[in-house]
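**Student:** First, the structure itself, so that you have it in front of you.
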Ligand SMILES: [Zn+2]
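In my numbering, the protein residues as written are 1020 to 1430.
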């Protein structure tokens, strides 16, 4: 079954009022502003992930102090606890979380696929065994929209047919076509005019399928569009090529959201290839294991004994509350013993991501991407003076992507 060639016309009017302005361009990259009902989002943007309507180890007030404008919340977790009807009763997700700025909710489908032992997908929707109650449940596209409308986020995601990124054969095309049909069903179920609905581009690693899907979904997208099905264990050489091909195939007026991207190098490369939005649990999850994100060398495992008497902040240049007030030695002493250890690293890691994206935006605005890129890569891969490290080779995929963008690396 092929999707209808015509996009449905009954879309909420207010979606037209949400808009994306491109303020500056440098090479393939864009510096933009996304106007949503609860905030203006400066792009390229990294969106921290809160699962059960809370950010683990950080308060909304602290995120506002860092000028974070948008969060991602997991529909699946919220649907389970406290339940979408309760969230609606509480006045919606913004009110329940005490978060006045923008929120994006996912469709719930991805979590079902990853958490459920028993899961099948047919034309009706996703059928899965609840990991909480053991009973079989259904999630058709309409239900995903009903839940997301009860939650009330600024951006909702369509339910898509998720397959493993390394899947090959006809099923890739079938899942892509089904995702387009499900998008049409989501669009019909979408009745709230103060929420945007993002399609999710599928097609695996097949660039022709990706281009076909981009053309169909661009017809149906009103505010923005996501590039899905990546960051699932594919080679980096394939990852960046799919991102580049999708960005090239999508119209310039829609912000492009690459799902599940959160490593610093990936954020920088994808932004410079023309992507605008990203999310990942990595910075908060890794904080819980005692790892702090830094520009020089990428990461510090504060569990290591060498930090016992290290009285410097995590990052001397960082202006987060953790770096202003606490030392590596103190954090090392409380890691795995007190929740404050996780809290302090989480605050720093989110600030690290937001600062990195602010620097990417600045480099695009000033048309100094090549200088920024060289400094950034020599920080990540170059020698770290005080640790006697010789540094690492810049991976070939990074060199290939930079070459594709037309920049020269001096390192
Ligand atoms: Zn910091």
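Backbone N, C-alpha and C fix where the C-beta goes; we use that ideal spot for every residue, glycine too.
Model, not experiment: these values are computed from the prediction.
Helix, strand or coil for residue 1291, going by three-state DSSP, please let me know.
**Tutor:** Numbered from 1 along the chain shown, position 272 holds the residue referred to as residue 1291. Helix, per DSSP.
**Student:** Distance check for residue 1333 and residue 1393, CA to CA, integer angstroms please.
**Tutor:** Along the chain shown, one-based indexing puts residue 1393 at 374. Along the chain shown, one-based indexing puts residue 1333 at 314. For the pair residue 1393 and residue 1333, the Cα-to-Cα distance works out to about 23 Å.
**Student:** Whose beta carbon lies closer than 6 Å to any heavy atom of ligand 3, going through the chain in order?
**Tutor:** Absence of ligand 3 from the depicted structure is noted, with ligand 1 being the only ligands included.
**Student:** Who are the near neighbours of residue 1268 in its chain, counting only those whose CB is closer than 6 Å to its CB and skipping five residues on each side?
**Tutor:** Stepping through the chain shown from its first residue, residue 1268 is reached at position 249. Cβ neighbours of residue 1268 beyond the five flanking positions: 1230, 1233.
**Student:** Between residue 1256 and the rest of its own chain, which residues show a CB-CB distance below 8 Å, the 5 nearest in sequence each way excluded?
**Tutor:** By one-based count along the chain shown, residue 1256 stands at place 237. Same-chain partners within the cutoff: 1415, 1416, 1419.
**Student:** Could you give the first and the last residue of the continuous alpha helix (DSSP H) run that contains residue 1258?
**Tutor:** For the purposes of this step, residue 1258 is taken as the residue at position 239 of the chain shown. Taken as a continuous stretch (DSSP letters only), the alpha helix (DSSP H) holding residue 1258 covers 1255-1268.
**Student:** Taking 8 Å as the limit between beta carbons, can you name the residues of its chain near residue 1046, skipping five residues before and five after?
**Tutor:** Residue numbering aside, residue 1046 sits at position 27 when the chain shown is read from its first letter. Cβ within range, chain order: 1291, 1388, 1424, 1425, 1426.
**Student:** For residue 1203, which of 1193, 1161, 1167, 1213 has the nearest alpha-carbon?
**Tutor:** By 1-based counting over the chain shown, the position of residue 1203 is 184. It is 1161.
**Student:** Considering only their Cβ atoms, is the gap separating residue 1179 from residue 1198 smaller than 9 Å?
**Tutor:** Mapped onto the chain shown, residue 1198 falls at position 179. Mapped onto the chain shown, residue 1179 falls at position 160. It is a contact, given that the beta carbons lie within the stated cut-off.
**Student:** Mind checking whether residue 1185 and residue 1252 have CB atoms under 9 Å apart?
**Tutor:** Locating residue 1185 in the chain shown gives position 166, counting from the first residue. Locating residue 1252 in the chain shown gives position 233, counting from the first residue. Cβ distance < 9 Å, so residue 1185 and residue 1252 count as in contact.
**Student:** Quick check for students: name the residue ranges of the beta strand (DSSP E) that lie wholly in the stretch 1268-1355, counting only runs of 3 or more.
**Tutor:** 1275-1277, 1296-1298, 1310-1312, 1318-1320
**Student:** How far does the alpha helix (DSSP H) with residue 1166 in it extend, from its first residue to its last?
**Tutor:** Here the question's residue 1166 lines up with position 147 in the chain shown. Start and end: 1160-1170.
**Student:** Does the Cβ of residue 1023 have 16 or more other Cβ atoms within 10 Å, making it buried, or fewer, making it exposed?
**Tutor:** As a first step, residue 1023 must be located in the chain shown, where it is residue number 4. With a pLDDT of only 44 at residue 1023, under the threshold of 50, the placement of this residue in the model should not be trusted; the figure read from the coordinates follows. Result: exposed.
**Student:** Mark residue 1121 as exposed unless 16 or more other C-beta atoms lie within 10 angstroms of its C-beta, in which case mark it buried.
**Tutor:** Indexing the chain shown from 1 puts residue 1121 at position 102. Looking at its Cβ environment, which holds 16 or more other Cβ atoms inside 10 Å, residue 1121 is buried.
**Student:** Beta-carbon separation of residue 1191 and residue 1158 under 9 Å?
**Tutor:** For the purposes of this step, residue 1191 is identified with residue 172 of the chain shown, where counting begins at 1. For the purposes of this step, residue 1158 is identified with residue 139 of the chain shown, where counting begins at 1. The answer is no: Cβ separation not under 9 Å.
**Student:** Taking residue 1247 and residue 1220 to be in contact with their CB atoms under 8 Å, please state how far apart those CB atoms are, rounded to whole angstroms.
**Tutor:** Numbered from 1 along the chain shown, position 228 holds the residue referred to as residue 1247. Numbered from 1 along the chain shown, position 201 holds the residue referred to as residue 1220. With a Cβ gap of about 6 Å, residue 1247 and residue 1220 count as contacting.
**Student:** Could you give the uninterrupted runs of the beta strand (DSSP E) lying entirely in the stretch 1114-1198, keeping only those of 3 residues or more?
**Tutor:** Qualifying beta strand (DSSP E) stretches, in chain order: 1121-1124, 1138-1141, 1144-1148, 1155-1158, 1174-1176.
**Student:** Given a cut-off of 9 Å on the beta-carbon distance, is the pair residue 1097 and residue 1166 in contact?
**Tutor:** Here residue 1097 is taken as the residue at index 78 of the chain shown, counted from 1. Here residue 1166 is taken as the residue at index 147 of the chain shown, counted from 1. For residue 1097 and residue 1166, yes; Cβs fall inside 9 Å.
**Student:** On the DSSP bridge list, what partners appear for residue 1052?
**Tutor:** Your numbering for residue 1052 matches position 33 in the chain shown. Paired residues: 1040, 1061.
**Student:** Assign residue 1087 to buried or exposed, taking buried as 16 or more other Cβ atoms, counted over all protein chains shown, within 10 Å of its Cβ.
**Tutor:** For the purposes of this step, residue 1087 is taken as the residue at position 68 of the chain shown. Residue 1087 is buried by the Cβ-count criterion.
**Student:** Does the Cβ-Cβ distance between residue 1295 and residue 1278 come in under 9 Å?
**Tutor:** Counting from 1 along the chain shown, the entry for residue 1295 is found at position 276. Counting from 1 along the chain shown, the entry for residue 1278 is found at position 259. In this structure, residue 1278 does not lie closer than 9 Å to residue 1295 by Cβ.
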